[in-house]
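Protein chains: 2
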Amino acid sequence: MKSQTSLSDDLRADAARNRARVLEVARERLAAGDAELPMNTIARDAGVGVGTVYRHFPSREALLESLAMGGFERLVVEARKAADDDNPGAGLERLLRYGVRSQIEDVGLAAVLRSSGSARAETSRLRGDLLEAVGRLLERAREAGAIRPGIGADDIRRLSCGIVYAVRVGDGDLDEIERYADVLVDGIRPRS
Amino acid sequence: MKSQTSLSDDLRADAARNRARVLEVARERLAAGDAELPMNTIARDAGVGVGTVYRHFPSREALLESLAMGGFERLVVEARKAADDDNPGAGLERLLRYGVRSQIEDVGLAAVLRSSGSARAETSRLRGDLLEAVGRLLERAREAGAIRPGIGADDIRRLSCGIVYAVRVGDGDLDEIERYADVLVDGIRPRS
DNA sequence: TGCCATACGGATACGTCATCCGTTTGCGAT
DNA sequence: ATCGCAAACGGATGACGTATCCGTATGGCA
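Protein chains in written order, with this note's numbering: chain A, 38 to 229; chain B, 38 to 229.
Set out below in structure tokens:
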């Protein structure tokens, strides 16, 4: 079974090599905290021309999406697990914590989750899958009285992004994420 | 009593006029939804040279701060009122709702609140005032059992920014703000 | 081995930020 | 009134990033 995300099929050998190099460099730079990620410097560091970068990734958005695919797929898996959990309330809490933590660790994933559009078809599909699973989860959680009414799957997405944002708006103490996730988790419970 | 923010004292007549024009144009553009706010187009629309814009406002940050001063001062007033409220829990909730609503209505204020640094001394002072008042409010709210322990004034600032962000991450339904504010308000209550 | 579709690379056009400096102008002094 | 100069002006300019375009190079199949 081939990876769903490789896309290196049908590519000429040099093309596949360059694509991989660009992705690798971008991943390093992102991990090193360079949120700007200028395309021309990526090209330089990868030892290719700018044109080559743009051919593989028509925009920075597309590049970030490609970097985030793995994390996005894992998130969808988690969402489905949560949706099938015997205890939907617990599943939702677990998913929320997993989601915000992933976004803190992976800036690219955070960028993809917060944008409603997408440069790659694959991303749209995953977004749909995610919202579907979360929707199912929410429905069960509502029935179980674990969550207040009026909160939809997209609210969960947006609020998660907001919490991640709140963590980043600060002097970089990314450990706050658990505390802030607490606030979100408790905030969506039914009002007492 | 002179306005604290005019700053047009000591300015030559033409300088004061240009400064006002720039501010006016920037405010219009911001209200019209242009979040980019390119300095050179502001200069063009205000009928001045770019240099003039930069002399008055060394960076876009500084310009946004100047625009936000009024809203920021009103926010501090609200915070102090809340800190003196007989019911600190109610005061906190009122302040939170006021704060997020203000940020939704005023992009400049949101920008200033989310940044920890500041281009103008006035802004630093206001930020200090705000955090002081919120700190006082939180202390009283904690004593009254209206808020969980471990949440500080800066957490409130960051979480508010996060909620505002969550509202903006979407297709522009800014009305969501009340629903999302509910989540924040309930999320910082003591755990039951 | 030769062909050519595919991919490469970097020159190029464009837009924005921010600065610098020669020119203009407001305004207090005379 | 007018003079002189500090203050302010304006826009040319350089640095930087995005995105495109096209002549050149090359991988891989016949």
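Every residue, glycine too, gets a C-beta built ideally from N, C-alpha and C.
Please read all numbers here as calculations on a predicted model, not as lab measurements.
- [ ] Note the first and the last residue of the continuous alpha helix (DSSP H) segment covering Ile230 (chain B).
- [x] Given a span of 38 to 229 for chain B in the structure shown, any question on residue 230 (chain B) remains unanswerable.
TODO: Tell me, please, whether the CB atom of Val206 (chain A) is closer than 8 Å to any CB atom in chain B?
DONE: Position 169 of the first sequence, counted from the first residue, corresponds to residue 206 (chain A). Judged by the 8 Å Cβ criterion, Val206 (chain A) is in contact with chain B.
Task: Completely contained alpha helix (DSSP H) runs for the segment 62–130 of chain B, where each covers 4 or more residues - done: 76–83, 87–93 and 97–120
TODO: Quick one: which unbroken alpha helix (DSSP H) runs of 4-plus residues sit fully inside the segment 138–214 of chain B? Chain order, please.
DONE: 144–151, 158–180 and 190–205
- [ ] Give a yes or no on whether the C-beta atoms belonging to Leu133 (chain B) and Leu211 (chain B) are separated by under 8 Å.
- [x] Residue mapping note: residue 133 (chain B) aligns to position 96 of the second sequence, counting from 1. Residue mapping note: residue 211 (chain B) aligns to position 174 of the second sequence, counting from 1. In this structure, Leu211 (chain B) does not lie closer than 8 Å to Leu133 (chain B) by Cβ.
Task: Neighbouring residues, chain A, relative to Ser229 (chain B) (Cβ below 8 Å) - done: As a working note, residue 229 (chain B) is residue 192 in the second sequence. Residues of chain A passing the Cβ test: Ser229.
Open item on the list: To be precise: take each residue of the segment 206–223 of chain A, compare its Cβ to all Cβ atoms of chain B, and keep it if any distance is under 9 Å. Which residues remain?
Closed with: Val206, Gly207, Asp208, Glu213, Arg216, Tyr217, Asp219, Val220, Leu221, Val222 and Asp223
Open item on the list: Among the candidates B:Gly88, B:Asn77 and B:Leu175, whose CA atom is the shortest distance from the CA of Asp121 (chain B)?
Closed with: Reading the second sequence from its first residue, position 84 is the one you call residue 121 (chain B). Cα-wise, what sits closest to Asp121 (chain B) is B:Leu175.
TODO: Could you name the residues of chain A that Ile225 (chain B) contacts, counting a contact when the two beta carbons are closer than 7 Å?
DONE: In the second sequence, the residue the question calls residue 225 (chain B) occupies position 188. In chain order: Val220.
Task: Proximal residues, the segment 150–175 of chain B versus chain A, C-beta separation under 7 Å - done: Arg151 and Ser153
TODO: Given a cut-off of 8 Å, decide if Gly145 (chain A) and Ala181 (chain A) are closer than it, judged by their beta-carbon atoms.
DONE: For the purposes of this step, residue 181 (chain A) is identified with residue 144 of the first sequence, where counting begins at 1. For the purposes of this step, residue 145 (chain A) is identified with residue 108 of the first sequence, where counting begins at 1. Going by C-beta atoms, Ala181 (chain A) is not nearer than 8 Å to Gly145 (chain A).
Task: Neighbouring residues, chain B, relative to Ala203 (chain A) (Cβ below 7 Å) - done: For this step, residue 203 (chain A) is matched to residue 166 along the first sequence. Within chain B, the residues near Ala203 (chain A) are Arg195, Leu196, Cys198 and Gly199.
TODO: Verify whether the separation of the beta carbon atoms of Leu100 (chain B) and Phe109 (chain B) is less than 8 Å.
DONE: Here residue 100 (chain B) is taken as the residue at index 63 of the second sequence, counted from 1. Here residue 109 (chain B) is taken as the residue at index 72 of the second sequence, counted from 1. Not a contact, by the Cβ cut-off of 8 Å.
TODO: Could you tell me whether the Cβ of Gly128 (chain B) comes closer than 8 Å to any Cβ of chain A?
DONE: Residue numbering aside, residue 128 (chain B) sits at position 91 when the second sequence is read from its first letter. Cβ-Cβ to chain A under 8 Å: no for Gly128 (chain B).
Task: Glu49 (chain A) in three-state terms, based on DSSP - done: Your numbering for residue 49 (chain A) matches position 12 in the first sequence. Reading off the sequence, residue 49 (chain A) comes out as Arg, not Glu. In this structure, Arg49 (chain A) counts as coil in the three-state DSSP scheme.
Open item on the list: Within 10 Å of its beta-carbon, does Ala203 (chain A) have 16 or more other beta-carbons around it, so buried, or fewer, so exposed?
Closed with: In the first sequence, residue 203 (chain A) corresponds to position 166, counting from 1. When all chains shown are included, Ala203 (chain A) counts as buried.
Open item on the list: For Asp219 (chain A), count the other beta carbons within 10 Å of its own beta carbon; 16 or more makes it buried, fewer makes it exposed. Which is it?
Closed with: The count along the first sequence starts at 1 and reaches residue 219 (chain A) at position 182. With 16 or more Cβ atoms within 10 Å of its Cβ, Asp219 (chain A) is classed as buried.
TODO: Look at the alpha carbon of Ile225 (chain B) and the alpha carbon of Leu129 (chain B), and state the distance between them as a whole number of angstroms.
DONE: Mapped onto the second sequence, residue 225 (chain B) falls at position 188. Mapped onto the second sequence, residue 129 (chain B) falls at position 92. About 10 Å.
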